[in-house]
Amino acid sequence: MSAIYKRELRSYLFGVTGAIFVSFLLVMIGVFSTAINFSQRYPSFEIVLSSVRLVLLLVVPIITMRSFSEERHAKTDQLLYSLPLSLSRIVIAKYLAMVTVLAVPCGVACLYPVILSFYGTINFASAYGAILGFFLLGCALIAIGMFLSSLTESQVIAALLTFGAFFLIYLVNGLAGLIPATAGASAIAYMLCAAAVGGILYALTKNATVSAAVGGILVLVVVGAYLIDSTAFAGSIQKVFSSLALFDRFSDFSNGIVDLTAYVYYLSVSALFTVFTVQSMEKKRWA
Amino acid sequence: MIEVRHLTKKYGAFTAVNDVSFTVEKRKIYGFLGPNGAGKSTTMNIITGCLAPTSGTVTVNGHDIYEDPIGAKASVGYLPELPPLYPDMTPEEYLLFVGEAKGLESVHLDQHVDAVMETTRLTEVKDRLIRNLSKGYRQRVGIAQAILGDPEIVILDEPTVGLDPLQIIEIRDLIRRLGEDHTVILSSHILSEISAVCDTVIIISRGRIVASDTLEHLTASADGRRIITLDARGAYDRVEEILRGLSGADRVSVSHGLNGCIRALVETAADLDLREDVFRLFAAADCPIVEMTTNDVSLEDVFLRLTEEPADDGEVPGIRAALDAADGADDEEENETEEEAEAEEEAPDAGSADAEEDADSPYYDAPKDKKSGKANKDKRKKDPDDYTPLFGGKE
């Protein structure tokens, strides 16, 4: 496991992708800190991170895109499969390597509050709480990107998928706002989701009967629930959507609140998508 | 050592491996032989845990590959069809990485990697990036990776692809040496390679095992014929005249060969070698033989007989098979040694061994003599109709 971790880390740190990722994040942290903390004399590093989190949307796909798709493309995954290591260890090793790369700019960011404290009063607890939150947000995004990379053989497709997914996650609250808060609108949105589940299932299994059955049953469940208690549906789709809003969870940190539930949320997302990646790799063996 | 039971692998509706069972014993070299797409790589991928079977079991050293994959994989070194290399590493770094990932003791790893690089002759390129290495060297890094850590079982999928003739010989020597204290399974569609190194041959065709036996048994069971092919410089009639004096041949045919030579084929039983007689006859007649070769019935015949579909249109099966052999050899393998290339070249002639013969006379003039000079080229074509057999049968 440590061998794979070391190899991956080495290839990130000595390769172009790791350099782009780290340097871009550092530059953006520096730029925003200069603008907000030094130029506008605003003593909050949390605001800086809140602005920089959007940069994650662009740079995380850069390091996650090749994590598994490249292995598949170059057929080096056969080496991984034939090694006496369990797949989950391999996935975790790769994930930790990417997280370590993310830890480099986050580590540097830890110096900022100290530097800022020379010029004014800094709330260290909320500043470092925000840095940790930023790091965990990055970890969650990396896990999602890694999973999407394991789905395809092409780095470009992996990058585009990841960027698209992040963009959707970023906009999800805005999209939810477009849906009327009535019960009927929510019910229709749920039905569309149910149909989408059927579609995804078909894409994964190529089994029309099962996919149609699952999609159909889910739609019927929604219809049934709506008929029983339609008031519960009012505004509920907005709640569901906002729970997917990874980026928006960070806004509490920028207001100086250390939100422990956000940590748990980010860690859960990371764990979930790491498990998904293991499953996706396992599935390849059965292809 | 390895127990494969009722292995089946389906890709959608296509069955790549169909109910394959075999047992691999200790310290032997096994050859997986089969045409492209026969299921060799799929079987190997399943044995090494890279692929899950649709049904069936594989037990390696008592460990089921599905129930206890780590235990099973620990005793296997695998070189897949495409060596799984990271181009941004040097061979030395790569082998150290694989060694560590295989869980080898780090204390001796350096020396062990050095030793493996020595055996696979990688020492001189150990500090170059794999990206910049030639195909042959990459293949060797792949082999080095497979034998790293001295696994009891070494599985090599087409190990000599992309190597030059000298390297092929080296790798064969290496495989032979490995076979002394390891179990080796290698796959190939090159018959000479299998017959050069393997103790036991497993012939796969269309996902099924069609034969699994020692080389001796397999070749002994073939209905042995020997064909002497000779090119002589002289008039057609004269060569025919000389060969009329040869006794012991079952069948003789004469045709116009390449470069103005006359090509004659002399077919005998496998245990009869008439080459000296032929030489004396021609020498006595002062007609120079520029080339004379013989081919015994080989693994090729066995292979072709077993992997070909039965001829259903009265076509001579041997010819069809031989055509495919020449085809396959030309398309996929450019790096055989000269002798092998030559042997392949001869193979098509041997194919006509089963042809019917004019009962009255062992002499059978090749029809359409003018064309026979191009016969070698025609043999490359898949469609047997394009080929005029030197012996009868087709007319």
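Quick mapping for you: the protein sequence lines, in order, are chains A and B.
If you read the first sequence in this note's numbering, its first letter stands for residue 40, the second for the next number, and so on.
If you read the second sequence in this note's numbering, its first letter stands for residue 5, the second for the next number, and so on.
We treat Cβ as the ideally placed atom computed from N, Cα and C, and that holds for glycine.
Considering only residues of the same chain and omitting the five flanking positions on each side of residue i, which have a CB-CB separation below 8 Å?
i	result
L250(B)	V256, V270, L278, D281, V282 and L285
R324(A)	Y120
V236(A)	V253, G254 and L257
L113(B)	L100, G103 and E104
Y167(A)	C149 and P152
I213(B)	V24, S25, F26, I206 and I207
G216(A)	Q277
R31(B)	G183, E184, D185, H186 and T187
DSSP on residue i, reduced to helix/strand/coil?
i	result
K2(B)	Any answer about residue 2(B) is impossible in this case: the structure gives chain B only from 5 up to 399.
S365(B)	Legend: pLDDT at S365(B) = 41, less than 50; position of this residue unreliable, value from coordinates given subsequently. Correct three-state label for S365(B): coil.
E7(B)	strand
A273(B)	strand
H112(B)	helix
S50(A)	helix
D235(B)	strand
H112(A)	helix
S79(B)	coil
E295(B)	strand
Whole angstroms are fine: how far does the CA of residue j sit from the CA of residue i?
i	j	result
T123(B)	E174(B)	10 Å
L93(A)	L285(A)	11 Å
L88(A)	T187(B)	58 Å
G75(B)	G81(B)	13 Å
I159(B)	T73(A)	59 Å
Y15(B)	R144(B)	31 Å
A150(B)	R132(B)	20 Å
H260(B)	I198(B)	34 Å
T297(B)	T233(B)	5 Å
S156(A)	T115(A)	49 Å
D390(B)	I208(B)	Because D390(B) sits at a pLDDT of 40, beneath the cut-off of 50, its placement in the model cannot be relied upon, and the point is left open.
T61(B)	V165(B)	29 Å
T27(B)	V120(B)	28 Å
Y241(A)	T248(A)	9 Å
S45(B)	V243(B)	49 Å
D238(B)	V21(B)	Reading off the sequence, residue 238(B) comes out as Gly, not Asp. Taking the straight line joining both Cα atoms gives about 53 Å.
P57(B)	I6(B)	15 Å
T94(B)	F36(B)	31 Å
I276(A)	L52(A)	42 Å
N136(B)	K130(B)	11 Å
V117(B)	E96(B)	7 Å
E295(B)	I189(B)	37 Å
D268(A)	V261(A)	11 Å
A234(A)	A169(A)	38 Å
M104(A)	Y34(B)	40 Å
S83(A)	L214(A)	30 Å
L95(A)	G177(A)	7 Å
A271(A)	G223(A)	11 Å
So, at 7 Å on beta carbons, what are the nonlocal neighbours of residue i in its own chain, with the 5 sequence-adjacent residues on each side left out?
i	result
S189(A)	F107, T316, S319 and M320
Y304(A)	R288
K106(B)	L152 and G153
I43(A)	I129, A132 and K133
S110(B)	E104
F60(A)	V98, I101, I102 and V140
S79(B)	V64, N65, P155, E156 and I157
L283(A)	I208 and V211
S165(A)	E85, G295 and V297
Kindly list the residues whose CB is nearer than 6 Å to the CB of residue i, restricted to its own chain and excluding five residues on each side of it in sequence; keep chain order.
i	result
R111(A)	E192
F312(A)	A182, I183 and F186
F63(A)	V98
Shorter than 7 Å, the distance from the beta carbon of residue i to the closest heavy atom of the ligand COA, or not?
i	result
L93(A)	This structure lacks the ligand COA; in fact it carries no ligand of any kind.
Interfacial residues, the segment 101-135 of chain A to chain B, with Cβ spacing under 7 Å:
Within the segment 101-135 of chain A, contact with chain B at the beta-carbon level (separation under 7 Å) is assigned to K114, T115, Q117, L118, Y120, S121, L122, P123, L124 and S125.
Jot down the residue ranges of each uninterrupted alpha helix (DSSP H) in the segment 114-168 of chain A, minimum 4 residues, whole runs only, in chain order.
Within the segment 114-168 of chain A, the alpha helix (DSSP H) runs of at least 4 residues that lie entirely inside it are, in chain order, 116-121, 126-148 and 150-156.
Uninterrupted alpha helix (DSSP H) stretches inside the segment 246-306 of chain A (no shorter than 4 residues):
247-267, 275-282 and 290-293
Taking a cut of 9 Å between CB atoms, which residues from the segment 68-90 of chain B lie near chain A?
P73, I74, G75, A76, K77, A78, S79, V80, G81, Y82, P84, E85, L86, P87, P88, L89 and Y90
Taking only beta carbons into account, state which residues of the segment 30-56 of chain B come closer than 9 Å to chain A, listed in chain order.
N49, T52, G53, C54, L55 and A56
List, from N- to C-terminal side, the beta strand (DSSP E) runs of 3 residues or more that fit wholly inside the segment 154-195 of chain B.
157-161 and 187-192
Fully enclosed by the segment 188-234 of chain A, which alpha helix (DSSP H) runs are 4 residues long or longer?
194-217
Taking any Cβ of chain A, which residues in the segment 134-147 of chain B have a Cβ under 7 Å from it, in chain order?
none
For the segment 101-119 of chain B, enumerate the residues whose C-beta is nearer than 9 Å to any C-beta of chain A, in chain order.
F101, V102, G103, E104, A105, K106 and G107
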